[in-house]
Structures are given as structure tokens and as C-alpha cells.
Amino acid sequence: MAMRKREDSPEVFPNAAGIDVGGSSHWVAVPRSAAEEPVREFGTMTDELHAMADWLLACGVDTVALESTGVFWIPVYEVLERRGLTVWLVDARQMKYVPGRKSDVHDCQWLQKLMSLGLLRAACGARATRSAWCARWPASARCCLPSRAAGCCACRRRWCR
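With the UniProt record's numbering, letter number 38 in the sequence shown gets 38, and the count goes up by one each step, no holes.
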């Protein structure tokens, strides 16, 4: 029996954006109703990350799904969080088997759609700031982090190798 496509799914995060993180550029998708061009490419330099945050805020975005690719997500996460956006770091493995994904443009659109429907989970608990903190420390110093008691061990298993 074929599955019927449901167009009436309620949006949990109607003002969500999706970002496909890369080493040389980041592709960002916002809801179609938020911008004339709902998909844009931004560079990786700090001024370009601030331009991305400006555009997201101008589009009325309040929640962002950020694909966790290597360490490239860390500066994006930090800039967006500092600008007041709620950032969900999502595990790229959640996206692995989604049909139809063929490019960075499609990836960011899928992230935006799945986030708006509430179908993604944060990869490292509710917040990933501990992951960004852990990634900055050399492996020999990680066991001495003061935030360890606050739950850093959970994210260390996944991100801080």
C-alpha cells in the first residue's frame, strides 16, 4: 500500500531555517514565505557569518537547524547563538537516508523542512555549547574541564575525539 503525502502536517517551528555547513561555503534555506530567494550561499569568513545572521533575522527566523559537519559548524553556531537565534546542532547521520537529497542546496532545504515539522533532534542534548568548548581543548586537557560535571562527557563521546 502506497503512503499518501501529508500536506497538512502542523509546523512546530514555522520560522526555522536549515544550514548545510561546508568547508568553503554554507547553504542556508528559510521558509518560502520569508524571502524572495529562500536559499542563499554564504562564505565562511566572520563577516560573511554575520551577514548570514543579519539575513536570517531579517527573514524572521528564530530557530536554526545546523548540520554537524566536522568542526566547520563551530563558528557558525557561535555567531548565530550570539545574535539571539536558537541553534540546534543536528547529527548529519539523521539526514543520511532522506530520499531526494542530491546537493548542498537540497540538503539545506531538507534541514529547513524537517526542522519546521519538528522531525529533528539536537545531536548533543539541548545545547551544543559544551561541544564547541570541548573542541577547543587539547585531548590531554579535556578530562580537566570544569564543565565535565555539568554533562560535558555526553558530548565528548560524540564530538571531542
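Quick reminder that beta carbons are idealized off the backbone N, C-alpha and C, glycines included. Here the structure is a predicted model, which means the values were calculated and not measured.
Assigned secondary structure, residue i (DSSP; H/G/I helix, E/B strand, else coil)
| i | result |
| --- | --- |
| Asp20 | strand |
| Glu48 | helix |
| Val87 | strand |
Neighbourhood of residue i by C-beta, 7 Å cutoff - its chain only, sequence neighbours within 5 removed
| i | result |
| --- | --- |
| His50 | Val79 |
| Leu120 | Ala65, Trp88, Val90, Gln94, Leu114 |
| Gly43 | Ser25 |
Anticipated Cβ contact below 8 Å, residue i with residue j, distance rounded
| i | j | result |
| --- | --- | --- |
| Gln109 | Ala65 | Incorrect: roughly 11 Å between the Cβ atoms, too far for contact. |
| Asn15 | Asp62 | 5 Å |
| Val12 | Gly84 | Actually they are not in contact, since the Cβ atoms of Val12 and Gly84 sit about 20 Å apart, beyond 8 Å. |
| Glu36 | Trp27 | At roughly 17 Å, the Cβ-Cβ gap does not stay under 8 Å, so Glu36 and Trp27 are not in contact. |
Cut-off 6 Å between Cβ atoms - residues of its own chain near residue i, not counting five sequence neighbours on either side
| i | result |
| --- | --- |
| Leu56 | Ala17 |
| Ala34 | Cys59, Gly60 |
| Gly125 | Bear in mind that a pLDDT of 41 at Gly125, under 50, signals an unreliable position, so the model cannot answer this. |
| Glu48 | Phe42 |
Determine, using beta-carbon pairs with one atom in the segment 67-85 and one in the segment 7-26, whether at least three such pairs fall under 8 Å. yes
What are the start and end residues of each continuous alpha helix (DSSP H) run of 4 or more residues lying completely inside the segment 24-82, in chain order? 46-58, 73-82
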